[in-house]
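Position one of the sequence shown corresponds to residue 0 (numbering that gives the first Met the number 0), numbered consecutively onward.
Glycine included, C-beta positions come from ideal geometry on N, C-alpha and C.
Presented below is the structure to which this report refers.
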Amino acid sequence: MNKLTECILNRNSSLMPVWFMRQAGRYLPEFRKIREKNQNFIKLCLNSDLVTDITLQPMNRFDLDAAIIFSDILMIPYGLNQEVEFKKNFGPKLGNLNIDKIINTNNNEFIKKLSPVYEGIRKVKKKIKNQNLIGFVGAPWTLLVYMMNRESPKKNFDINYINKNKSASNKILKKIEEAICLHVDKQIEAGANVIQIFDSWANLLPGNELENYCYMPTLKIVEHIKKSKIPAICFPRGIKNNYINFCSIVKPDCISIDYEIDPSWIKDKVNGIPIQGGMDPKILLTEKENIKKNVEKFITIFSDYPYIFNLGHGVIPETKPEIIEYVIKILRERKR
Ligand code: CP3
């Protein structure tokens with residue numbers, strides 16, 4: 000067992016493994032160099048040699064306990080035959096929602112379209128031995144939001160649109176759940192030994208809709224992953240106190256907290272479920288003294304609790320790579 004799985008499955012509190020969401024990405028000059036030459040982001044995610052190189056970039060620089068496969072949650076809509084494009088300075092832009100086309104995508108077609116992702120996992124797996132390899136998916140709700148809204152809901156989102164089109168949204172949701180399970184299975188078969196579920200837009204749900212769109216659909220995915228004996232990490236971003244309800248209903252193997260959550264508050268409330276992350280990524284843009292203070296805060300709070308060091312969201316592109324190295328050094332030198 001590697002450090003991450005040992006921390007999660009055996010609830011070993013002495014290890015404190017570390018990895019970073021978006022550890023492969025724009026803050027690394029070597030990523031930007033590849034990205035410049037590969038303007039089409041989906042195509043880049045389908046080039047298994049480049050996927051392997053990019054996934055390993057942070058592993059070659061830093062002493063991390065896990066690699067996360069370089070891919071995107073929007074590969075699922077792509078696999079379901081909805082067009083996906085990443086526009087410069089805009090973010091993702093999805094094509095028209097053709098429900099029949101999506102629902103009629105069969106498993107073989109989906110697997111064939113996404114096979115370079117699985118090939119990338121196989122290639123990375125061969126090159127890392129002592130670290131975990133994390134596969135991932137978007138949660139059903141977050142994928143439904145992107146597929147129906149067709150762009151990031153950051154600036155422009157109306158939940159009534161989803162509620163008014165209940166029959167369409169339920170049909171798509173069911174198909175998304177199936178596709179997620181399939182994508183998880185293929186990633187595990189290729190060598191992923193941890194799966195993280197990103198529910199990046201769970202914060203858009205009013206309290207009375209969380210059960211319907213967040214807890215229940217995620218529970219199905221978590222139960223599916225558990226059948227493979229692979230740990231599932233859930234990240235229902237922005238749901239505040241409802242993290243507690245989420246944990247008691249979904250029972251993930253590990254819960255990833257965002258930076259609005261008070262780590263010492265949540266620690267006693269999730270029934271011993273291992274916790275990941277929490278530190279605000281913006282802290283990494285401040286002076287070293289402040290970074291150290293904050294990292295040590297997490298070390299102290301979780302010294303007697305199974306905890307994976309990570310951030311409360313992805314690494315911000317402006318982060319200096321040497322700061323990631325600095326954080327890892329603090330963690331490695333901590334007193335136990
Ligand atoms: O963490 C990793 O290192 C693995 C790679 C990874 C990417 N996306 C690569 C990527 C992971 C785990 C994701 C997940 C993802 N993708 C999420 C969930 C996590 C989160 O951030 O909330 C979401 C919502 C997406 C959708 C997405 N992909 C958006 C909104 C964007 C554009 C804006 C942005 O955040 O960059 C992307 C593009 C994307 N995915 C990039 C990378 C490295 C940037 C590509 C570029 O412009 O160079």
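Beta-carbon spacing of residue i, residue j below 8 Å
{"i": "ASN46", "j": "PRO115", "result": "yes"}
{"i": "LEU204", "j": "ILE175", "result": "no"}
{"i": "GLU82", "j": "GLY94", "result": "yes"}
{"i": "MET15", "j": "LEU218", "result": "no"}
{"i": "LEU113", "j": "MET147", "result": "no"}
{"i": "TYR242", "j": "LYS266", "result": "no"}
{"i": "TYR26", "j": "PRO216", "result": "no"}
{"i": "TYR350", "j": "ILE158", "result": "The chain is shown only over 0 to 335; residue 350 falls outside these bounds and no answer can be derived."}
{"i": "PHE301", "j": "ILE274", "result": "yes"}
{"i": "LYS185", "j": "ILE110", "result": "yes"}
{"i": "CYS246", "j": "ILE7", "result": "no"}
CA-to-CA distance, residue j to residue i, given in whole angstroms
{"i": "HIS312", "j": "LYS165", "result": "31 Å"}
{"i": "ASN39", "j": "ILE53", "result": "15 Å"}
{"i": "ASP257", "j": "LYS250", "result": "17 Å"}
{"i": "LEU310", "j": "MET20", "result": "7 Å"}
{"i": "LYS281", "j": "TRP140", "result": "26 Å"}
{"i": "LYS126", "j": "ARG60", "result": "15 Å"}
{"i": "LEU49", "j": "PRO235", "result": "29 Å"}
{"i": "VAL294", "j": "LYS100", "result": "48 Å"}
{"i": "MET58", "j": "TYR160", "result": "42 Å"}
{"i": "LYS225", "j": "ARG149", "result": "31 Å"}
{"i": "ALA65", "j": "TRP18", "result": "6 Å"}
{"i": "GLN195", "j": "LYS163", "result": "31 Å"}
{"i": "ILE171", "j": "LEU73", "result": "15 Å"}
{"i": "ARG10", "j": "THR4", "result": "9 Å"}
{"i": "GLY206", "j": "CYS233", "result": "18 Å"}
{"i": "GLU29", "j": "GLY277", "result": "27 Å"}
{"i": "ILE290", "j": "PHE297", "result": "11 Å"}
{"i": "TYR306", "j": "LYS128", "result": "22 Å"}
{"i": "LEU209", "j": "VAL221", "result": "16 Å"}
{"i": "LYS92", "j": "TYR325", "result": "36 Å"}
{"i": "VAL123", "j": "ASN202", "result": "33 Å"}
{"i": "PHE338", "j": "ASN88", "result": "An answer regarding residue 338 cannot be provided, because it is not within the stretch 0 to 335 covered by the chain."}
{"i": "ASN103", "j": "ARG333", "result": "53 Å"}
{"i": "LEU43", "j": "TYR117", "result": "14 Å"}
Counted within 10 angstroms of its Cβ, other Cβ atoms place residue i as buried (16 or more) or exposed
{"i": "SER255", "result": "buried"}
{"i": "ASP62", "result": "exposed"}
{"i": "THR299", "result": "exposed"}
{"i": "LYS173", "result": "exposed"}
{"i": "SER168", "result": "buried"}
{"i": "GLY271", "result": "exposed"}
{"i": "SER70", "result": "buried"}
{"i": "ASN192", "result": "buried"}
{"i": "TRP264", "result": "exposed"}
{"i": "SER199", "result": "buried"}
{"i": "LYS2", "result": "buried"}
From the options, residue whose alpha carbon lies closest to that of residue i
{"i": "GLU321", "options": "LEU284, ALA65, GLU108, PRO139", "result": "LEU284"}
{"i": "LYS287", "options": "ASN309, VAL269, ILE323", "result": "ILE323"}
{"i": "PRO230", "options": "ARG31, LYS111, PHE135", "result": "PHE135"}
{"i": "ILE340", "options": "LYS239, TYR306, TYR160, PHE197", "result": "The shown model of the chain, from 0 to 335, leaves out residue 340, and the question about it has no answer."}
{"i": "SER151", "options": "PHE85, GLU210, LEU172", "result": "PHE85"}
{"i": "GLU177", "options": "ILE158, ARG121, GLY78", "result": "GLY78"}
{"i": "ASN105", "options": "VAL123, ILE72, ASN88, ASN80", "result": "ASN80"}
{"i": "ARG121", "options": "ILE67, ILE75, ASN88, LYS154", "result": "ILE67"}
{"i": "GLY119", "options": "ALA201, GLN275, PHE308, GLU188", "result": "GLU188"}
{"i": "ILE98", "options": "LYS268, LYS111, PRO76", "result": "PRO76"}
{"i": "VAL314", "options": "ASN1, GLN22, ILE7, CYS6", "result": "GLN22"}
{"i": "ASN131", "options": "MET0, ASN202, HIS182", "result": "MET0"}
{"i": "ILE238", "options": "LYS268, ILE260, GLN186, ILE110", "result": "ILE260"}
{"i": "ASN244", "options": "VAL269, CYS253, LYS87", "result": "VAL269"}
{"i": "THR318", "options": "GLY24, LYS153, GLY190, LYS2", "result": "GLY24"}
{"i": "LYS32", "options": "GLN56, VAL183, TYR117", "result": "GLN56"}
{"i": "LEU138", "options": "LYS334, VAL183, GLU35, SER227", "result": "Strictly speaking, residue 138 in this sequence is Ala, with Leu absent from that position. Among LYS334, VAL183, GLU35, SER227, the Cα nearest to that of ALA138 belongs to VAL183."}
For residue i: DSSP bridge partner residues
{"i": "ALA66", "result": "LEU132"}
{"i": "GLN81", "result": "Per DSSP, none; premise fails for GLN81."}
{"i": "SER255", "result": "GLN275"}
{"i": "ILE93", "result": "Inspection of the sequence shows that residue 93 is occupied by Leu rather than by Ile. In the DSSP output, where bridge partners are listed per residue, LEU93 has VAL83."}
{"i": "ASP198", "result": "PRO235"}
{"i": "GLU150", "result": "LYS92"}
{"i": "LEU330", "result": "DSSP, once it has assigned bridges, lists no residue as partnering LEU330."}
{"i": "GLY137", "result": "PHE197"}
{"i": "ILE307", "result": "GLN275"}
{"i": "VAL17", "result": "PHE308"}
Distance cut-off 7 Å: residue i Cβ against heavy atoms of the ligand ADP
{"i": "PRO251", "result": "Ligands displayed in this structure: the ligand CP3; the ligand ADP is not among them."}
Residue i at chain D interface by Cβ criterion, 8 Å
{"i": "ILE196", "result": "Judged by its chain identifiers, the structure shown contains no chain D, having just a single protein chain."}
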